[in-house]
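Chemist:
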Amino acid sequence: MINYLLKREDIKMNKAEIDKMINSAISDLKIDTSKIDAVSLLHKSFDYECEKIFKNARNLILKDDPFAYVPDFAIRKDIFSNSVISGEIIITYYPFEEIKKLNYKNITDINYVYSYFDDISVNAIFESTIKNFTFKNPAYDFVKQNDAVKLNIKIFQNNALVKEDNNFNVIANRTNNFTINNIVLNHRFGEFFTFNDPLNRRWEVQIVEIIRTIPMPITNQNVQFLKIPYVINLMTLKTFFSSMIKKDNAIKEAMRYFDFFISELENNNNIIFPDEYINSKIANYTSNYLEKVRPENREAIQNSIIQKDEYGIQIIENAVRSAKREIIEGLAKKAIYILEKIKVHNMEITQELNQSSIVLFQNSYFNKKENKNVNTVKDDLIDIKIALKLLQLNVPQLFMIIARDAAIAV
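Dropping the structure here:
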């Protein structure tokens, strides 16, 4: 049995303490109070305060037990107003002594089949890629259809500045109605211009960058523009391309295996889940779910959840599964990372950063995060190595194939 411990932090605030909390949040988070109502500001400030309390409590837990797993926290609000707040933050954590009990070896009853690219498929992808390849180049003339344009903008309403953005990106596109995408067409790089929109707001705009996509099939004559080390012609490009396609597919397949594995892990372990955490996650899940549905359907769905009819129970069960999976995945990653001594070296990070930056491979697994950097690539490599280690421990023959294609050492 893998059990958890709870750490509770009481919250009691009077009016003066609440005002201090709000002022701190406004300062730290740079909240524009003219754009937020009092109730939303109170909730945002309280969430920020709870996050700080949680981080301090988590640090104390990890000081005593560095390898403990501390998932998110739960909040109980007994009284919540702008004059009195009373409640409790409940922090769940699994001591490392409990994590070590996790059984993650010799689990073979997983319905997973490796989906791989054979040479015929890779050749077809390669031929299509070099035939339909496009270069993205900066342009310094007039904005044309489909150009990616970066703007500095200021928007004024009744002479008051209501928006300013020095990194406003649009795709130039002709439309029949008013759009900034249409307005920028035929304006020159570096040009400053103004206009009024249908709401009678005045825009001040400067074009600071134009990126134009140019169709250019890759040939022996222009392959050097790709700037790939050791690629000097189509033959060497094809060899490199094949290895990269197989590598990226193998990485994604290893992570797909990991998803299958996590789904099966609960059946092979007796993990105790904290009610406080599960209930908090149900509340968050249902709240997010309701935000995404059509406003006219929101009340009916909310009633389904409250009354726990067939549809409401389905939503709640999905929330419970999501919460449990989050804990199982966290326990598995912590156990394997520590017990199997997973290491990521700087050279590996640099290699994956460089390879995933090559223009041919913008759909690389390492590019899935919007702001890729050293830390995101390191985190990705840890996850990949954990998945590969699970393959090695549970399906060694398949591990040999996937690890070879992924070209990542465990």
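The numbering of the sequence shown is my numbering, which starts it at -11 and goes up by one.
Note that CB positions come from ideal geometry on N, CA and C, so glycine has one too.
As the structure is a prediction and not an experimental result, all values here were calculated from the model.
Quick check on the DSSP output: the alpha helix (DSSP H) that includes GLU241 runs from which residue to which?
Modeler: Sequence index remark: in the sequence shown, residue 241 carries index 253 (1-based). Its alpha helix (DSSP H) spans residues 222 to 253.
Chemist: Check whether the region 68 to 83 touches the region -4 to 15, taking contact to mean three or more Cβ pairs, one atom from each stretch, closer than 8 Å.
Modeler: Touching, per the Cβ criterion.
Chemist: Can you give me the C-alpha to C-alpha distance between VAL332 and LYS322, rounded to a whole angstrom?
Modeler: The residue you call residue 332 lines up with position 344 of the sequence shown. The residue you call residue 322 lines up with position 334 of the sequence shown. Each residue's alpha carbon lies about 15 Å from the other.
Chemist: Take the Cβ of ASP371 as the centre, count every other Cβ of all protein chains shown within 10 Å, and call the residue buried at 16 or more, exposed below.
Modeler: As a working note, residue 371 is residue 383 in the sequence shown. Label assigned to ASP371: buried.
Chemist: Quick check: the Cα distance between LYS142 and MET(-11), rounded to an integer number of angstroms?
Modeler: Taking the first residue of the sequence shown as position 1, residue 142 is located at position 154. Taking the first residue of the sequence shown as position 1, residue -11 is located at position 1. One C-alpha to the other measures close to 60 Å.
Chemist: Which residues bound the alpha helix (DSSP H) around LEU415?
Modeler: Outside the displayed span of the chain (-11 to 398) sits residue 415, for which this structure offers no information.
Chemist: What three-state label does DSSP hand GLY178 in the structure shown?
Modeler: By one-based count along the sequence shown, residue 178 stands at place 190. DSSP places GLY178 in coil when its eight states are reduced to three.
Chemist: What do you get for ASN147, buried or exposed, if any count of 16 or more other CB atoms within 10 angstroms of its CB means buried?
Modeler: Reading the sequence shown from its first residue, position 159 is the one you call residue 147. ASN147 comes out exposed.
Chemist: Assign ASN272 to one of three DSSP states: helix, strand, or coil.
Modeler: One-based indexing of the sequence shown puts residue 272 at position 284. Reduced to three states, the DSSP call for ASN272 is helix.
Chemist: Below 8 Å CB to CB, which residues in the same chain sit around ILE220 once its five sequence neighbours on both sides are set aside?
Modeler: Here residue 220 refers to the residue found at position 232 of the sequence shown. These residues qualify, in order along the chain: VAL211 and GLN212.
Chemist: Label THR201 either buried or exposed according to how many other C-beta atoms from any shown protein chain fall within 10 Å of its C-beta, with 16 as the threshold for buried.
Modeler: One-based indexing of the sequence shown puts residue 201 at position 213. It counts as exposed.
Chemist: So ASP135 is in the alpha helix (DSSP H); what residue range does that whole segment cover?
Modeler: Start at 1 with the first residue of the sequence shown, and residue 135 comes out as number 147. Per DSSP, ASP135 belongs to no alpha helix (DSSP H) and is neither H nor E.
Chemist: How do the region 274 to 294 and the region 91 to 98 stand: do at least 3 beta-carbon pairs fall below 8 Å, yes or no?
Modeler: Contact fails: fewer than three Cβ-Cβ distances are below 8 Å.
Chemist: Does the region 347 to 365 come within contact of the region 291 to 310, defined as at least 3 CB pairs closer than 8 Å?
Modeler: Flag = no, the region 347 to 365 and the region 291 to 310 do not touch.
Chemist: If distances are taken between C-alpha atoms only, which option among ILE195, ILE98 and ALA288 comes closest to PHE156?
Modeler: For the purposes of this step, residue 156 is taken as the residue at position 168 of the sequence shown. Closest by alpha carbon: ILE195.
Chemist: Relative to the C-alpha of ASN134, which candidate in SER69, PRO203, ILE98 and ASN111 has its C-alpha closest?
Modeler: Counting from 1 along the sequence shown, the entry for residue 134 is found at position 146. ASN134 has its Cα closest to that of PRO203, out of SER69, PRO203, ILE98 and ASN111.
Chemist: Might you give, ordered along the chain, the residues of its own chain that have their beta carbon closer than 6 Å to the beta carbon of ASP16, omitting 5 neighbours on each side?
Modeler: As a position in the sequence shown, residue 16 is number 28, starting the count at 1. Cβ within range, chain order: n/a, list empty.
Chemist: Quick check on the DSSP output: the beta strand (DSSP E) that includes ASN147 runs from which residue to which?
Modeler: Within the sequence shown, numbered from 1, the residue matching residue 147 stands at position 159. Per DSSP, ASN147 belongs to no beta strand (DSSP E) and is neither H nor E.
Chemist: DSSP puts ASP(-2) in a beta bridge; with which residues?
Modeler: In the sequence shown, counting from the first residue as 1, residue -2 sits at position 10. Bridge partners of ASP(-2): GLU76.
Chemist: Quick one: give me the first and last residue of the alpha helix (DSSP H) that PHE349 is part of.
Modeler: Reading the sequence shown from its first residue, position 361 is the one you call residue 349. Looking at the DSSP string, PHE349 is not in any alpha helix (DSSP H), and its letter there is neither H nor E.
Chemist: Would you say the region 239 to 246 touches the region 381 to 398, given that touching needs at least three Cβ pairs under 8 Å?
Modeler: Yes, since at least three Cβ pairs between the region 239 to 246 and the region 381 to 398 fall closer than 8 Å, the two stretches touch.
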